[in-house]
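Q: Before we start, here is the structure in question, set down as structure tokens.
Residue numbers (UniProt numbering): 1 to 354.
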């Protein structure tokens with residue numbers, strides 16, 4: 001259970017209580033004490049709440065009027081055990097529904113990722129995470145972690161290194177020893193030229209999994225580069241881990257028993273597979289329509305696509321077979337896309353689906 005004396009949690013509690021008059025607060029307390037079953041349920045719920053859950057609940061309460069809070073408390077306090085059980089069943093059913101939807105979105109993301117459609121996959125993972133926002137960490141934490149790690153993989157694949165760093169930092173706030181978060185964020189820092197931060201993260205990853213030769217090689221390479229060249233930018237082919245699926249991440253003792261590569265890392269994979277097959281993913285094929293549909297429905301995916309195309313090398317895009325265009329024409333097209341407003345690009349993609 002979390003520390004109830006956490007200063008931030010105390011501040012939030014005081015802030016919420018200050019919105020209720022002393023008379024109303026005393027009445028709520030009397031109502032709670034008069035219902036032992038309600039006290040038991042509240043106590044059980046609190047045991048399963050993380051600091052993040054409580055902060056999220058407090059944030060939601062900020063938008064609730066004090067009089068509404070008092071009325072809701074009075075209604076709940078007068079409920080019979082059967083009514084409380086029915087309320088709890090409805091809440092559990094809603095949680096189960098949202099969890100199932102998030103799980104389905106994650107599986108769709110995994111399928112898109114396996115086909116090299118990283119932008120569309122990222123969209124699915126973000127939607128899954130949004131579904132889990134109101135779910136207690138005790139129930140949705142593992143699934144949210146998997147989606148976050150998979151998002152980091154998509155960001156690495158598409159060159160969204162700042163986004164990868166941000167996502168990894170969020171993971172490490174509530175899972176400070178997550179191997180994949182350290183490794184993937186370390187790769188992103190390396191590509192951004194922040195070698196000191198890259199060495200720090202890769203060192204932690206190496207410490208968590210000392211038998212993993214891929215991590216050891218990456219750590220050694222970046223560390224030597226930092227010593228030799230100082231803060232010069234460095235770029236090397238990314239070695240990106242496999243996406244998260246149903247298996248939970250093994251602990252340190254388990255990882256030492258298995259092959260380092262089998263445990264968490266795949267062989268090097270190019271970051272541009274999603275556009276390689278002669279533009280097949282942006283044509284009228286089923287996969288292509290699915291990709292465009294994801295762009296149309298999500299402005300964040302449009303932004304990721306725009307950043308990727310703007311930062312990609314024209315020769316690389318031409319080699320992938322983008323519309324069969326030569327590099328100079330690809331450059332003209334990418335320059336145009338890079339200068340477009342995201343909403344204008346989204347409108348263009350919507351028109352492509354008509």
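Glycine is no exception: its CB is placed at the ideal position from the N, C-alpha and C atoms.
So what does DSSP say about residue 156, is it helix, strand or coil?
A: Position 156 of the chain shown, counted from the start, is the residue given in the question as residue 156. Helix, per DSSP.
Q: From which residue to which residue does the alpha helix (DSSP H) around residue 187 run?
A: Here residue 187 corresponds to residue number 187 of the chain shown, with the count starting at 1. Residue 187 -> alpha helix (DSSP H) spans 179-192.
Q: Check for me: the alpha helix (DSSP H) holding residue 224 runs from which residue to which?
A: Counted from its first residue, the chain shown places residue 224 at position 224. For residue 224, the uninterrupted alpha helix (DSSP H) run begins and ends at 213-229, by DSSP.
Q: Could you have a look at residue 136 and say whether DSSP puts it in helix, strand or coil?
A: Here residue 136 refers to the residue found at position 136 when the chain shown is read from its first residue. Coil at residue 136, not helix or strand.
Q: Using C-beta distances below 7 angstroms, list every residue in its chain close to residue 167, excluding the 5 sequence neighbours before and after it, in chain order.
A: Against the chain shown, residue 167 aligns to sequence position 167. Residues of the same chain with a CB within less than 7 angstroms of the CB of residue 167, apart from the 5 flanking positions on each side, are 148, 151, 152 and 155 in chain order.
Q: Whether or not the segment 107-121 and the segment 84-99 are in contact is what I'm after, with contact meaning three or more pairs of Cβ atoms, one per stretch, closer than 8 angstroms; do they touch?
A: no
Q: Please determine if the segment 90-100 and the segment 124-138 are in contact, where contact requires at least 3 C-beta pairs separated by less than 8 angstroms.
A: yes
Q: In this structure, does DSSP put residue 117 in helix, strand or coil?
A: Position 117 of the chain shown, counting from 1, holds the residue named residue 117. Three-state result, residue 117: coil.
Q: Residue 169 lies in the alpha helix (DSSP H); which residues open and close that run?
A: As a position in the chain shown, residue 169 is number 169, starting the count at 1. Element bounds for residue 169: 161-174.
Q: For residue 95, name the three-state secondary structure that DSSP assigns.
A: Taking the chain shown and counting its residues from 1, the one referred to as residue 95 is at position 95. Correct three-state label for residue 95: helix.
Q: Let me know if residue 93 comes out buried or exposed under the rule of 16 or more other beta-carbons within 10 Å of its beta-carbon.
A: As a first step, residue 93 is located in the chain shown; it is residue number 93 there, counting from the start. With fewer than 16 other Cβ atoms within 10 Å, it is exposed.
Q: So, using beta-carbon positions, are residue 129 and residue 108 closer together than 8 angstroms?
A: One-based indexing of the chain shown puts residue 129 at position 129. One-based indexing of the chain shown puts residue 108 at position 108. No. Outside cutoff.
Q: Using C-beta distances below 6 angstroms, list every residue in its chain close to residue 181, excluding the 5 sequence neighbours before and after it, in chain order.
A: As a first step, residue 181 must be located in the chain shown, where it is residue number 181. The residues are 168, 171 and 172.
Q: For residue 82, does the count of other Cβ atoms within 10 angstroms reach 16, so buried, or fall short, so exposed?
A: Indexing the chain shown from 1 puts residue 82 at position 82. Exposed.
Q: Given residue 243, which residues of its chain have a CB within under 7 angstroms of its CB, disregarding the five upstream and five downstream residues?
A: As a working note, residue 243 is residue 243 in the chain shown. Cβ neighbours of residue 243 beyond the five flanking positions: 110, 113, 150 and 153.
Q: Are the beta-carbon atoms of residue 202 and residue 218 separated by less than 8 angstroms?
A: Walking along the chain shown from the start, residue 202 turns up at place 202. Walking along the chain shown from the start, residue 218 turns up at place 218. In this structure, residue 218 lies closer than 8 angstroms to residue 202 by Cβ.
Q: By Cβ distance below 6 angstroms, which residues in the same chain neighbour residue 163 in space, the five residues on each side in sequence not counted?
A: As a working note, residue 163 is residue 163 in the chain shown. 155, listed in sequence order.
Q: In this structure, does DSSP put residue 80 in helix, strand or coil?
A: For this step, residue 80 is matched to residue 80 along the chain shown. Residue 80 falls in the coil class under three-state DSSP.
Q: Could you spell out the range, first to last residue, of the alpha helix (DSSP H) harbouring residue 209?
A: On the chain shown, position 209 is the one that residue 209 refers to. Here residue 209 belongs to no alpha helix (DSSP H), and DSSP marks it neither H nor E.
Q: Is the beta carbon of residue 175 closer than 8 angstroms to that of residue 143?
A: The residue given as residue 143 occupies position 143 in the chain shown. The residue given as residue 175 occupies position 175 in the chain shown. No; because the gap between Cβ atoms is not below 8 angstroms, this pair is not in contact.
Q: Can you give me the C-alpha to C-alpha distance between residue 199 and residue 22, rounded to a whole angstrom?
A: Along the chain shown, read from residue 1 onward, the residue named residue 199 stands at position 199. Along the chain shown, read from residue 1 onward, the residue named residue 22 stands at position 22. Cα-Cα distance, rounded: 54 angstroms.
Q: Thinking just about the alpha-carbon of each residue, which of 197, 187, 26 and 103 is nearest to the one in residue 161?
A: For the purposes of this step, residue 161 is taken as residue 161 along the chain shown, with counting starting at 1. Proximity to residue 161 across 197, 187, 26 and 103 peaks at 187, based on C-alpha coordinates.
Q: So, using beta-carbon positions, are residue 197 and residue 206 closer together than 8 angstroms?
A: In the chain shown, residue 197 corresponds to position 197, counting from 1. In the chain shown, residue 206 corresponds to position 206, counting from 1. For the 8 angstroms CB-CB criterion, residue 197 and residue 206 do not form a contact.
Q: So is residue 220 buried or exposed if we call it buried at 16+ other beta carbons inside 10 Å?
A: Walking along the chain shown from the start, residue 220 turns up at place 220. Exposed, since its Cβ has fewer than 16 Cβ neighbours within 10 Å.
Q: Does residue 106 pass the burial test, meaning 16 or more other C-beta atoms within 10 Å, or should it be called exposed?
A: Taking the chain shown and counting its residues from 1, one reaches residue 106 at position 106. Residue burial annotation: residue 106 is buried, with at least 16 other C-beta atoms found within 10 angstroms of its C-beta.
Q: Could you check which residue in 185, 140, 80 and 179 has the C-alpha nearest to that of residue 157?
A: The sequence position of residue 157 within the chain shown is 157, counting from 1. When each option's Cα is compared against that of residue 157, the closest is 185.
Q: Does the Cβ of residue 80 have 16 or more other Cβ atoms within 10 Å, making it buried, or fewer, making it exposed?
A: Walking along the chain shown from the start, residue 80 turns up at place 80. By the neighbour-count criterion, in which 16 or more other beta carbons inside 10 Å mark a residue as buried, residue 80 falls on the exposed side.
Q: On a CA-only basis, which of 189, 178 and 140 is nearest residue 165? Give me that one, please.
A: Here residue 165 corresponds to residue number 165 of the chain shown, with the count starting at 1. Closest option to residue 165, Cα to Cα, is 189.
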